[in-house]
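Okay, so here's the structure we're looking at.
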Amino acid sequence: MATSRRIASDLFRLTRGAARTCRRLGREAACRGLPARDRLLDRLGLVPREEFDAVRELAENARLESERLAERIAGLEAGGRKRTTRRRSTTRKAGESSS
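The opening residue of the sequence shown carries number 133 in this note's numbering; numbering runs sequentially from there.
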């Protein structure tokens, strides 16, 4: 019975040590992997998702602003045309008489 307990204890310690080692290797790989991933993305000309979404939102806002300004310009141009086609005022200035 003592032998089986000792074997179980040894197996438990071995398993715990292996788990600790895997955890350490995982952390090290993550620490070394992130800069390598970033260098690869830079070399390929790719950007992170957050940066892409931010630029996409800016472009959408710029497009909406451009459309709004185009409508405003069209309205101003239409108003300008109306002014040039208006008839002259028929009011008389002081001192003028009607003939």
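Backbone N, C-alpha and C define an ideal beta-carbon position, used for all residues, glycine too. For clarity, every value in this text was computed on a predicted model and none was experimentally measured.
What does the alpha-carbon distance come out to for the pair residue i and residue j?
| i | j | result |
| --- | --- | --- |
| residue 208 | residue 184 | 36 Å |
| residue 190 | residue 197 | 10 Å |
| residue 148 | residue 182 | 39 Å |
| residue 139 | residue 157 | 27 Å |
| residue 134 | residue 144 | 15 Å |
| residue 97 | residue 167 | The question about residue 97 has no answer, for the chain in this structure spans 133 to 231. |
| residue 193 | residue 171 | 31 Å |
| residue 153 | residue 176 | 34 Å |
According to DSSP, simplified to helix, strand and coil, what is residue i?
| i | result |
| --- | --- |
| residue 178 | coil |
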